[in-house]
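Here the structure comes first, spelled out in C-alpha cells, and everything after it is commentary.
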Amino acid sequence: NAGVTQTPKFQVLKTGQSMTLQCAQDMNHNSMYWYRQDPGMGLRLIYYSASEGTTDKGEVPNGYNVSRLNKREFSLRLESAAPSQTSVYFCASSLTGTGEQAFFGQGTRLTVV
Amino acid sequence: QKEVEQDPGPLSVPEGAIVSLNCTYSNSAFQYFMWYRQYSRKGPELLMYTYSSGNKEDGRFTAQVDKSSKYISLFIRDSQPSDSATYLCAMSARTDSWGKLQFGAGTQVVVTP
C-alpha cells in the first residue's frame, strides 16, 4: 500500500537546468496537487488537477508546468530552474476536488545553485 | 491577513501532559477541517478529519470545530516524546468548481521526557 510516491527524493540543479518531478498515487484518487514548503511560508499550492485531463494554477505557479499523465500520475516540470525554486516539494492526492483528506508523498528536496 | 492563522510555537510540554493546539480562520465557507502531523524531513500525515462542527475523538487525539467562532482545536492526551512534530491545520470549502485546501503555518511541538 504505497499511497503517494514521489521521485526523486533529493536533487541538486544548476541555475537554468530543467527537471521533472514525478508523482504517482495508487488510491484511485481523482484530484492531485503540487505544493512547495518553505520555512516560515507554510505549504503553498503550485498547481492542481481536480480530475484526470484538467489542470489549473494555484497560488505560486510561475516557473512551473504540470502534466496529468493519467489518473495515477501528475508531474511537475521546472523549465529553467532558479535559486528561488530551492524548496521541498510535496505531491498530494484526494478522492474529491475539495481536497479534504488529502494524502501526501514524502517530498522532494530540491536545491538550485 | 491570512485565511488561516496558526501560532508557529514552539510549544514545549513534559511527557504525559495535554497538548492543546488551535487555528483560527476567516472564511465562513470552510466546512472540511483537518489536522496533519509532520515529522522532520517527512511529508504531512493526515491525523484527524472533521466535517462541519463538532468533536471527533481517535485514541489520544481529539479534534474540535467551532464554526460560530471560526476556531478549531486539537488536543493530545498523555503526550509522548514520539508526538514531537509539527502540526498543521488545514481546511477547505466546497465551491461550484473546486475547493482549495488552505493550510496554517504549523505549530512545532516538543514533548520532553
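Taken in sequence, the protein lines are chains F and H.
Following this note's numbering, the residues of the first sequence are numbered contiguously, the last one being 113.
Following this note's numbering, the residues of the second sequence are numbered contiguously, the last one being 226.
Glycine is no exception: its CB is placed at the ideal position from the N, C-alpha and C atoms.
If you're wondering where the values come from, they're calculated on a predicted model, not measured in any experiment.
Residue i vs residue j beta-carbon contact at 8 Å
i, j, result
"Asn-140 (chain H)", "Glu-116 (chain H)", "yes"
"Val-178 (chain H)", "Phe-216 (chain H)", "no"
"Phe-174 (chain H)", "Ile-185 (chain H)", "no"
"Pro-121 (chain H)", "Ala-218 (chain H)", "yes"
"Cys-91 (chain F)", "Gln-6 (chain F)", "yes"
"Pro-194 (chain H)", "Val-224 (chain H)", "yes"
"Leu-159 (chain H)", "Thr-220 (chain H)", "no"
Same chain, Cβ closer than 6 Å to residue i, five either side skipped, listed in chain order
i, result
"Ser-210 (chain H)", "With a pLDDT of 48 at Ser-210 (chain H), under the threshold of 50, the predicted position of this residue should be treated as unreliable, though the coordinate-derived value follows. Answer for Ser-210 (chain H): no residue qualifies."
Beta-bridge partners of residue i, as assigned by DSSP
i, result
"Glu-158 (chain H)", "H:Arg-150"
"Ala-92 (chain F)", "F:Tyr-33 and F:Phe-104"
"Val-132 (chain H)", "H:Ile-189"
"Val-223 (chain H)", "H:Ser-125"
"Asp-179 (chain H)", "H:Tyr-184"
Below-8 Å beta-carbon distance, residue i vs any chain F residue
i, result
"Glu-116 (chain H)", "no"
"Tyr-145 (chain H)", "yes"
"Ala-142 (chain H)", "no"
"Gly-122 (chain H)", "no"
"Tyr-162 (chain H)", "yes"
"Asp-209 (chain H)", "Confidence at Asp-209 (chain H) is low in this model, with a pLDDT of 47, below 50, so its placement is unreliable and the value that follows should be read with caution. It does not; no Cβ of chain F falls within 8 Å."
Interface flag, residue i vs chain H, CB-CB below 8 Å
i, result
"Phe-90 (chain F)", "yes"
"Phe-10 (chain F)", "no"
"Phe-104 (chain F)", "yes"
"Gln-25 (chain F)", "no"
"Gln-85 (chain F)", "no"
"Glu-52 (chain F)", "no"
"Pro-101 (chain F)", "For the sequence presented, residue 101 (chain F) should be read as Gln rather than Pro. Yes, its Cβ sits closer than 8 Å to a Cβ of chain H."
"Gly-63 (chain F)", "no"
"Leu-110 (chain F)", "no"
"Leu-43 (chain F)", "yes"
"Gly-16 (chain F)", "no"
Beta carbon proximity, residue i to chain A, threshold 8 Å
i, result
"Lys-155 (chain H)", "Among the chains of the structure shown, chain A does not appear; the protein chains present are F and H."
Contacts around residue i, its chain only, beta-carbon distance under 8 Å, and the 5 residues preceding and following it disregarded
i, result
"Lys-9 (chain F)", "Gln-106, Gly-107, Thr-108 and Arg-109"
"Arg-44 (chain F)", "Tyr-35, Arg-36, Gln-37, Asp-38, Gly-58, Glu-59 and Val-60"
Other residues of its chain near residue i: CB distance less than 7 Å, five sequence neighbours each side excluded
i, result
"Ser-125 (chain H)", "Val-223 and Thr-225"
### Query
Taking the runs of the beta strand (DSSP E) that are 3 residues or longer, which of them lie wholly in the stretch 6 to 46 of chain F?
10 to 13, 19 to 25 and 31 to 38
#### Entry: Secondary structure, beta strand (DSSP E): runs of 3+ residues fully inside the stretch 55 to 86 of chain F
64 to 68 and 74 to 78
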